[in-house]
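Protein chains: 4
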Amino acid sequence: MNTFGRIFRLTTFGESHGKVIGGVIDGCPAGIKLDFEKIQHELDRRKPGQSKIVTQRKESDTVQFLSGIFEGKTTGASIGFLIENENQKSKDYGHIEEIFRPSHADFTYQKKYGIRDHRGGGRTSARETANWVVGGAVAKQILSDIKINAYVSSVGDLFLEKPYQDLDFNQTESNIVRCPDQEVAAQMIEKIEKVRKSGDTIGGTVTCVIQNVPIGWGEPIFDKLHARLGQAMLGINAVKGFEYGSGFCGAKMKGSEHNDLFNVDGTTKSNLSGGIQGGISNGMDIYFRVAFKPVATIMQEQETINSKGELVQMHGKGRHDPCVVPRAVPIVEALAAMVLTDFNFLQNSKTF
Amino acid sequence: MNTFGRIFRLTTFGESHGKVIGGVIDGCPAGIKLDFEKIQHELDRRKPGQSKIVTQRKESDTVQFLSGIFEGKTTGASIGFLIENENQKSKDYGHIEEIFRPSHADFTYQKKYGIRDHRGGGRTSARETANWVVGGAVAKQILSDIKINAYVSSVGDLFLEKPYQDLDFNQTESNIVRCPDQEVAAQMIEKIEKVRKSGDTIGGTVTCVIQNVPIGWGEPIFDKLHARLGQAMLGINAVKGFEYGSGFCGAKMKGSEHNDLFNVDGTTKSNLSGGIQGGISNGMDIYFRVAFKPVATIMQEQETINSKGELVQMHGKGRHDPCVVPRAVPIVEALAAMVLTDFNFLQNSKTF
Amino acid sequence: MNTFGRIFRLTTFGESHGKVIGGVIDGCPAGIKLDFEKIQHELDRRKPGQSKIVTQRKESDTVQFLSGIFEGKTTGASIGFLIENENQKSKDYGHIEEIFRPSHADFTYQKKYGIRDHRGGGRTSARETANWVVGGAVAKQILSDIKINAYVSSVGDLFLEKPYQDLDFNQTESNIVRCPDQEVAAQMIEKIEKVRKSGDTIGGTVTCVIQNVPIGWGEPIFDKLHARLGQAMLGINAVKGFEYGSGFCGAKMKGSEHNDLFNVDGTTKSNLSGGIQGGISNGMDIYFRVAFKPVATIMQEQETINSKGELVQMHGKGRHDPCVVPRAVPIVEALAAMVLTDFNFLQNSKTF
Amino acid sequence: MNTFGRIFRLTTFGESHGKVIGGVIDGCPAGIKLDFEKIQHELDRRKPGQSKIVTQRKESDTVQFLSGIFEGKTTGASIGFLIENENQKSKDYGHIEEIFRPSHADFTYQKKYGIRDHRGGGRTSARETANWVVGGAVAKQILSDIKINAYVSSVGDLFLEKPYQDLDFNQTESNIVRCPDQEVAAQMIEKIEKVRKSGDTIGGTVTCVIQNVPIGWGEPIFDKLHARLGQAMLGINAVKGFEYGSGFCGAKMKGSEHNDLFNVDGTTKSNLSGGIQGGISNGMDIYFRVAFKPVATIMQEQETINSKGELVQMHGKGRHDPCVVPRAVPIVEALAAMVLTDFNFLQNSKTF
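Residue numbers (the UniProt record's numbering), protein chains in the order written: chain B, 1 to 352; chain S, 1 to 352; chain D, 1 to 352; chain A, 1 to 352.
Below you can see the structure in the form of structure tokens.
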């Protein structure tokens, strides 16, 4: 299934080492004046080679729009777009043509489809997420009043302890790891550097805070706002978990501690609910946390098997991220923006 | 949205205090001989009043099938079913007609729809999950070779530390809290009892293990197996988080620790991946964990607001669960069974 | 697929000779005060036994609503409903248990599903259309400003020649064949009577006129208003064709004759387009025509085969319609109302 | 809605006068060796400028595939493709920038979206159908055993009277009007020539015959095989009607004439049903007829209005088809192929 969303829909295609990747945005309202610089800016936040702690592959990731836009405004027609793959060094992957890399999708794709484009993981590559960032950047312009801020909240066992309320989201982009606390950011960068030098990789988490969502977005029973956000985030490469509001900590608490008491204006004194009740936004901040496993490609010797079922030694090659969370920040924001845009239109029909 | 699934679809209706609840199962293959006792057994595992640590409300939760079955076998036609609400004491809810209960969906439903059936939370009640158990019980019979075992893995801060490999799932139903370790089960029961007596409630987690899933189930890019499982679980009332495989712990690890190395037969020595790679089952056990917040209705005095926006005192009434996880176990299994059944049919088309 | 619609969705179940049929209406907006008498009135227009020219089977076709309505108003929750089958004389069908009736779906269902509920055709029976009338009756109340009028425009080779503009739709219900021209109606009734007495059946057409649809309803490219109307009508039992506006006659014309020239206010001087341009309503009347084949069950001796592949003689039994079009009128209106309601919500999002 | 199909899905974009048009094919099985010449051949059958009786616009309509194919075989990944617009003479349309052409979608698009790309009708142009032909050409290769043959069965009031059984489909491509009867073809060509010289246009019909469809394809209740075919055909620009099997003629007949009696092998002696019973294929030939209105753009003076609501004179310019049916033949086949492919996968799940 290569389509995301019900009303605001993104359909994508492309392999990491093909000529281009791209997609079609369907369900975008007409008459929206698009700010193309902002869209490109989102792609620049995700692109490889942007700093020393991410993959050194170079891609300009320039998006070309092919339809659905007339004199700078959306027409309501489907919006086709392309991003060229400028830097596909297939030879980097020649050595894995016959190999199933540990904790990669090589094995499952081969078994499911009986064929696979092994170059850079083909369709399974996180290259695909560039398409999502384009869709999300358009969605953000539809949701202009809503603020979506993601940031790196942990790298390995190093956590940003401060609650989001104490952070200045304007600081997120001021450092290469995208942690709004400069002190913790410096430690995270150092940690990633150390891991990278050892030829290893490390996991981390991204926290996302969504503000100014009107009351009433979300479609119970089977299309709850947090369930759709969860499905979207779990679809990102390397994601192993999702929690919103009190999350897993909430499972340790008592009702008397966990309940969010109301103020007379309908806001709540606390917000362990994470801005959602019964799958519907309640007007408070929506926040959630996404767990990313360490990148599977490491620059160390590993034993694995080939398609003949023989044990072989492999050594990671190519240019990979020692830690994905800095580049995952704009991806998390993009998916959140698309989910919210979908509900924006769904709730127009004022129905479950 | 009251329909769950793409090919195997469950569409539901009903409020906790209406005459009945029910649904329609669509996409069930023809010719399946249904074991109605097994279906009723799943409902009995979920029903209220089954033990001292769950709500004392009494419901027989007897399902009646209305169509799609001829001489005991499915015909391929849609299967309609009903469950009567025998025990709706609407008066239990008279006191909350005008009140928005803290951390309930009263407020969001009222604001979204401008009207609500306040009796027992109406459509927002976990009563709805009985419908899911029916759909899941049918799905389990389609997936007869696949073993789905959920159990309570924590209550509050009391955790079952043993890995699932060391547990005997046959023990899960041998105690009222549904924890397969008798010793930990006894402590959990005691904990819930204590909480209940104090008029409070407590959260917990449910772990689910799925065995014998063939290699190749799951539909990347936007319909990954774990993403669909996550969406399903996050749709359960009171759920705040979902993780699979290494989950949030995986985010603390290094690639060299996290990678699952292959055996020559394509199985893996470790299984931090949780049986899924790139959104596709790899033949290893699938396992995930679901976090439930404490039930919001407590038998203590709380301050809240009414529909006029006035502060009022409220005191929980009615018969509620001090802890939902024991009754959540069959619900988690049911949703997992429906998601897998959907992919069972989708993978027939051998496509993304 | 037992679900109709994208946003306003009807999901149905039930066999003609089961205990009940019913469905779930999903996506109905909240706060709509339902007029239950009007809903029952639509069912009465479809029900059997209402006149001498339709089947003499007796059914009260009383609909019971089970959910989604509180104090007479919709709540936005899914609306479950049931209609009892009071008059299932299964014995009427004992004689066809092993027989495949000519031009019925007995053969295809048996081959596709390997099993079938032969009683009255089971799921294939037009009994199902009673569910559609319920969904349509609710949709009509959502679309209160839009006028949907269907009527019988031909029986066999007897045609109502007058254009719809010369008809008084208030006359449609004044005769049992539902033709608004009393003179032609009398001839049609006589024709059907004659056919019935000869133990035969006859086909006919229904024309539907939809007025006051706002400009802009319909979702190109693949969800054009007339394409969705066509799909809906073609789904009715016995329908063999659909045309709108100039229809098949338009295929004989020249552009200079066929073009609808504009008036300065954007209305058109002629309306061969049938109120739709590019799949979007243009504010003019929408009209279309639906062709129904003669009912396959005739009270005459026919040769056919049984499930063993043996030639056998059969003679129609039971109580069947000599001509379906009089009872098809409310069904055509119901489906049109549901399609329009769907677009009513879709166009809120102002997108393709 | 720019996506066609449920399992085998085509999502498209592009305006007639943009740089390119294109789409994404999703749900194509893996491992299919594609014959690219055959795909291009289908596009050549549709392309403009191929004969004197179609538009003289020149387009090579060369399709470029961008993904989902590895070493000539499909991988199961989504297949992106592009077709360049080589011949967009926007100036041809300068004169209609402010004008609403009669019986075109200019008016409805402007009113629905508040903006439109007026060049060549933008998204409303039949240029889009080139995308469909690509999707259909891929679908045809999946359905290699099924024969889909469409042909022109009438131009204006000139009809090919012979039943399809008396035709040699190999003759269809032997003349420029695509009528398999050479004599009638010559008359049709002459008729179109005459109409073209008079600056006028003319309608016609296309008949399509589908052979070798296995018994059991189609998904009642709301996804009947003929209903899906009808929706697809009604989505083609200029289509006003669809009928299958006996069609509108069947509405004039009696049951005793219309019933298709069985042979002992389950085939039928006649086939007025058109190869479908209850929405499911019965193994007999499927055939249907599609009515196309005359092209609205005529080379004659017409009065119309502009966006200011003023009456203005307009005279058709540009290069248009005097009759669309010759070029519609491959489009009808393409859509039929995609619908059948969808059901091919759906029926794998052996469900409604």
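Just so you know, even glycine gets a beta-carbon here, dropped at the ideal spot from N, CA and C.
Start-to-end residues for the beta strand (DSSP E) that takes in residue i
i      : result
G14/D  : 9-14
S153/D : 147-155
F242/S : 239-244
Under the three-state DSSP convention, the category residue i falls into
i      : result
R289/B : strand
F352/B : Low confidence applies to F352/B: its pLDDT is 37, below 50, so where it sits in the model is not reliable enough to give any reading.
H17/S  : coil
S256/S : helix
K219/S : Residue identity differs from the one stated: residue 219/S is Glu in this sequence, not Lys. The answer is strand: DSSP assigns E219/S an E or B state.
V54/S  : coil
L311/D : strand
D342/D : helix
K111/S : helix
N2/D   : coil
T62/D  : coil
N170/D : helix
I305/D : strand
D106/B : helix
L158/A : strand
For residue i, the nearest candidate out of the options (CA to CA)
i      : options                        : result
G135/S : N344/S, A336/S, L346/S         : A336/S
M233/D : Y287/D, G275/D, E97/D          : Y287/D
R327/B : V133/B, N85/B, F36/B           : V133/B
Q182/S : I221/S, F159/S, G274/S, R196/S : F159/S
V329/S : V239/S, G245/S, D26/S          : V239/S
S246/A : F262/A, G266/A, G274/A, D223/A : G274/A
H226/A : T205/A, D265/A, V195/A, G279/A : G279/A
V138/S : G68/S, N85/S, Q50/S, K308/S    : G68/S
E301/A : N259/D, D342/D, P163/D         : N259/D
I79/A  : G72/B, P214/B, M1/B, F70/B     : M1/B
L66/D  : V20/D, L82/D, I32/D, T74/D     : L82/D
T201/D : I146/D, I7/D, T55/D, G23/D     : T55/D
Per-residue contacts from residue i into chain C (C-beta, under 7 Å)
i      : result
S273/S : Absent from the structure: chain C. Protein chains present are B, S, D and A.
Where the alpha helix (DSSP H) through residue i begins and ends
i      : result
L225/B : 225-234
E42/D  : 36-46
G80/S  : Element bounds for G80/S: not the alpha helix (DSSP H) but the beta strand (DSSP E), 79-84.
K140/A : 129-142
F262/A : Neither: F262/A is in no alpha helix (DSSP H) and is coded neither H nor E.
G250/B : 247-250
Proximity test, residue i beta-carbon vs the ligand FAD heavy atom, cut-off 6 Å
i      : result
G114/A : Absence of the ligand FAD from the depicted structure is noted, as is the absence of any ligand whatsoever, leaving it without description.
**Prompt:** Do the region 320-327 of chain D and the region 289-305 of chain D meet, that is, are 3 or more Cβ pairs less than 8 Å apart?
**Reply:** Yes, the region 320-327 of chain D is in contact with the region 289-305 of chain D.
**Entirely enclosed alpha helix (DSSP H) segments - the region 178-204 of chain S, minimum 4 residues** = Those alpha helix (DSSP H) runs which fall completely within the region 178-204 of chain S and span 4+ residues are 182-197.
**Prompt:** If you pair each beta-carbon of the region 246-259 of chain D with each one of the region 35-50 of chain A, do three or more pairs fall below 8 Å?
**Reply:** With the rule of 3 Cβ pairs closer than 8 Å, the region 246-259 of chain D does not count as touching the region 35-50 of chain A.
**Asked** With contact counted as at least three CB pairs below 8 Å, one residue from each stretch, are the region 9-18 of chain S and the region 112-126 of chain S in contact?
**Response** With a cut-off of 8 Å, the region 112-126 of chain S and the region 9-18 of chain S count as touching, because enough Cβ pairs lie within range.
**Asked** Counting Cβ pairs closer than 8 Å, one from the region 142-158 of chain D and one from the region 170-190 of chain D, do we hit at least three?
**Response** The region 142-158 of chain D, when compared against the region 170-190 of chain D, does touch it at the 8 Å Cβ threshold.
**Asked** Does the count of Cβ pairs from the region 94-112 of chain B and the region 18-34 of chain B closer than 8 Å reach three?
**Response** Cβ pair count under 8 Å is below three, so no.
**Asked** Is there contact between the region 261-269 of chain S and the region 101-112 of chain B, where contact requires at least three CB pairs shorter than 8 Å?
**Response** Verdict: yes, contact present.
**Prompt:** Counting pairs of beta carbons, one from the region 215-224 of chain B and one from the region 105-120 of chain S, are three or more of them closer than 8 Å?
**Reply:** Taking one beta carbon from each stretch, the region 215-224 of chain B and the region 105-120 of chain S have 3 or more pairs nearer than 8 Å; the two touch.
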